[in-house]
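Accompanying notes for the structure given below.
Protein chains in written order, with the working numbering: chain H, 742 to 861; chain P, 29 to 383.
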């Protein structure tokens, strides 16, 4: 019984991470409508209930920058050099598209849930 | 962009500096300084946050806990590399398919060439054992080459963002038809292995009579009774003839790896070809007039004449029985095919009778 519960918990954790991973880019782009550096971005996302570990977030920021969706610059703040990220013009356009897509998906899911609830 | 924890300025035992140094060893050289500076800046911010909350500096244990949550240095560095797989999920199905085909083809080529070499150099149990023992090395080498090729393909695809494969690069119309009665691949492979085993047995048996006669082979040791040159002249070509059906069955098996099941017509033709090849071989063997002879003195000739007659009778009877069984099998196959094709007509008459 304990083994099957652990298997279910592990499965849930894997599926949960998969679900969150799918939303990550949208969450990061959305949060970067305001300028952040790596640590403050992670804190801001965590404050909104989207905890991401550093090993995933920081390489993602570089990838999005390489794809032209973010721009970054080194600046001194509180006597320390930090790399600040913000949305590029292409990033803003992409965010708008992704939000549209997100709303479409949300509507579809809401319909599916409503239908399934009726059938249940 | 010197950080507080730069490995060049921090004390040698500083835990965070050591962590950053360890990450740096695994980062690509061209981006190492930039990535380390960013990781360092974020790490410092986190440490300062914690220290502000505690109202004091972090001790070594607390630093270690913080770093442990960030994961192992080489894993942190690996996430900054563009390619995360040796062979990724897009390329992997092709790799797996090609690997299986390559291993089967290389196994067939290896054992075929090995058998021919044994036939030329002489067959011994030790040589056969050596050939089989060396096969895993050959298989591993082939698998390594295929893996290296597909790892290079993965590198090219991920680095150059190539769409692999082309989305419209296949035709549904070219998919093979499904036939109701189809042999599964394991059955075909088992048949192949049995066929190859049979050929190997026929190749080795003349030199090791115990494979045919068991313990009774001891009686032949030192005996003057030998196979005639006429029998040897036909024996090896007959063994070679058996490779033809093996080649066809191997081709069918390889084709089935792509999902194509041989049609009933194709299987019938294969069956007819196999039986016919066997019938031709047996017919040629039956044309040999003398199978065994005594090589020795006149006394040996007189002593073993009856034994030669017995061996010859057994051989001829075996060949005739084999020929009859093979011929019967061929006729049976034709008869069944004929019956099946006329079955719809029979069921029509049955229905007519009920009305």
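We put the beta carbon where it would ideally sit given N, CA and C, even for glycine.
Starting from residue 72 of chain P, find everything on chain H with Cβ-Cβ shorter than 7 angstroms and list it in chain order.
821, listed in chain order.
Could you check what DSSP says for residue 318 of chain P in three-state terms: helix, strand or coil?
Here residue 318 of chain P sits in coil by DSSP.
Where do the ends of the alpha helix (DSSP H) carrying residue 255 of chain P lie?
For residue 255 of chain P, there is no enclosing alpha helix (DSSP H); the residue is found in the beta strand (DSSP E) stretching over 253 to 255.
N- and C-terminal bounds of the beta strand (DSSP E) containing residue 186 of chain P
First-last for residue 186 of chain P: 153 to 188, but that is the alpha helix (DSSP H), not the beta strand (DSSP E).
CB contact below 9 angstroms: residue 774 of chain H versus chain P
It does not: the Cβ of residue 774 of chain H has no partner Cβ on chain P nearer than 9 angstroms.
Under 8 angstroms by Cβ, that's how I've got residue 163 of chain P and residue 138 of chain P pegged, so tell me the actual separation to the nearest angstrom.
Between residue 138 of chain P and residue 163 of chain P the Cβ distance is about 6 angstroms, and since that is below 8 angstroms, they are a contact.
Show which residues of chain P have a CB atom less than 8 angstroms away from the CB atom of residue 824 of chain H.
Residues of chain P with a Cβ closer than 8 angstroms to the Cβ of residue 824 of chain H are, in chain order, 65, 66 and 69.
Residue 42 of chain P at chain H interface by Cβ criterion, 9 angstroms:
Not one chain H Cβ lies under 9 angstroms of residue 42 of chain P.
Residues sharing a beta bridge with residue 823 of chain H, DSSP:
In the DSSP assignment, residue 823 of chain H forms a beta bridge with H/816.
Just checking: is the beta-carbon of residue 814 of chain H within a distance shorter than 9 angstroms of some beta-carbon in chain P?
Contact of residue 814 of chain H with chain P is not assigned, every C-beta pair being separated by 9 angstroms or more.
What separation, rounded to the nearest whole angstrom, lies between the Cα atoms of residue 825 of chain H and residue 778 of chain H?
If you draw a straight line from the Cα of residue 825 of chain H to the Cα of residue 778 of chain H, it is about 4 angstroms long.
Report buried or exposed for residue 182 of chain P, applying the criterion of at least 16 other Cβ atoms within 10 angstroms of its Cβ.
With at least 16 other beta carbons inside 10 angstroms of its own, residue 182 of chain P counts as buried.
Interface flag, residue 132 of chain P vs chain H, CB-CB below 9 angstroms
Chain H, which has no Cβ nearer than 9 angstroms to the Cβ of residue 132 of chain P, makes this no.
Check each candidate in P/132, P/325, P/320 and P/92 and name the one with the smallest Cα separation from residue 342 of chain P.
By alpha-carbon distance to residue 342 of chain P, the top candidate from P/132, P/325, P/320 and P/92 is P/320.
How do the region 315 to 333 of chain P and the region 249 to 262 of chain P stand: do at least 3 beta-carbon pairs fall below 8 angstroms, yes or no?
Touching, yes, given that three or more Cβ pairs across the two stretches are closer than 8 angstroms.
Please report the straight-line C-alpha distance between residue 230 of chain P and residue 358 of chain P, rounded to a whole angstrom.
Residue 230 of chain P and residue 358 of chain P have their C-alpha atoms roughly 23 angstroms apart.
Can you tell me where the alpha helix (DSSP H) with residue 147 of chain P in it begins and where it stops?
Its alpha helix (DSSP H) spans residues 120 to 149.
Just reading off the alpha helix (DSSP H) that residue 795 of chain H is part of, what are its end residues?
Taken as a continuous stretch (DSSP letters only), the alpha helix (DSSP H) holding residue 795 of chain H covers 795 to 807.
Is residue 47 of chain P helix, strand or coil by DSSP?
The answer is helix: DSSP assigns residue 47 of chain P an H, G or I state.
Counting Cβ pairs, one atom from each stretch, are 3 or more of them under 8 angstroms apart for the region 264 to 279 of chain P and the region 293 to 302 of chain P?
The region 264 to 279 of chain P makes contact with the region 293 to 302 of chain P; the number of CB pairs closer than 8 angstroms reaches 3 or more.
Just the C-alpha distance for residue 365 of chain P and residue 280 of chain P, rounded to the nearest angstrom, thanks.
Between residue 365 of chain P and residue 280 of chain P, the C-alpha separation is close to 21 angstroms.
Strictly under 9 angstroms for the Cβ-Cβ distance: is residue 209 of chain P near chain H by that measure?
Confidence at residue 209 of chain P is low in this model, with a pLDDT of 46, below 50, so its placement is unreliable and the value that follows should be read with caution. Answer no: the Cβ-Cβ gap between residue 209 of chain P and chain H never drops below 9 angstroms.
Have a look at P/147, P/219 and P/153 and flag the residue whose alpha-carbon is nearest the alpha-carbon of residue 260 of chain P.
Of the residues P/147, P/219 and P/153, the one whose Cα lies closest to the Cα of residue 260 of chain P is P/147.
Can you find a C-beta in chain P that's less than 9 angstroms from the C-beta of residue 781 of chain H?
At least one beta carbon of chain P lies nearer than 9 angstroms to the beta carbon of residue 781 of chain H.
For a cutoff of 9 angstroms on Cβ pairs, would you count residue 790 of chain H as touching chain P?
Judged by the 9 angstroms Cβ criterion, residue 790 of chain H is not in contact with chain P.
Backbone secondary structure at residue 263 of chain P - three-state DSSP:
The answer is helix: DSSP assigns residue 263 of chain P an H, G or I state.
Let's test the definition: count the other Cβ atoms within 10 Å of the Cβ of residue 354 of chain P and tell me whether it reaches 16, buried, or not, exposed.
By the C-beta density criterion, residue 354 of chain P is buried, having at least 16 other C-beta atoms within 10 angstroms.
N-terminal and C-terminal residue of the alpha helix (DSSP H) that residue 87 of chain P is part of
Membership of residue 87 of chain P in any alpha helix (DSSP H) is not indicated, and neither H nor E is assigned to it by DSSP.
Give the interface partners of residue 795 of chain H over in chain P, defined as CB-CB distance under 9 angstroms, in chain order.
Residues of chain P with a Cβ closer than 9 angstroms to the Cβ of residue 795 of chain H are, in chain order, 67, 70, 71, 74, 97, 98, 99 and 104.
Would residue 803 of chain H pass as an interface residue toward chain P - the criterion being a Cβ-Cβ separation below 9 angstroms?
Residue 803 of chain H has a beta carbon lying within less than 9 angstroms of a beta carbon in chain P.
Cβ of residue 805 of chain H within 9 angstroms of Cβ of residue 763 of chain H?
For the pair residue 805 of chain H and residue 763 of chain H, the CB atoms are not nearer than the 9 angstroms cut-off.
Taking Cβ positions only, does residue 107 of chain P come closer than 9 angstroms to chain H?
Cβ-Cβ to chain H under 9 angstroms: yes for residue 107 of chain P.
Which residue comes first and which comes last in the alpha helix (DSSP H) that contains residue 283 of chain P?
Its alpha helix (DSSP H) spans residues 271 to 284.
Per-residue DSSP class, three states only, for residue 778 of chain H
Strand, per DSSP.
What's the call for residue 332 of chain P, buried or exposed, on a 16-neighbour Cβ count within 10 Å?
By the Cβ-count criterion, residue 332 of chain P is buried, with 16 or more other Cβ atoms from all chains shown falling within 10 Å of its own Cβ.
Cα-Cα separation between residue 72 of chain P and residue 177 of chain P, rounded to whole angstroms:
For residue 72 of chain P and residue 177 of chain P, the gap between their C-alpha atoms comes out near 43 angstroms.
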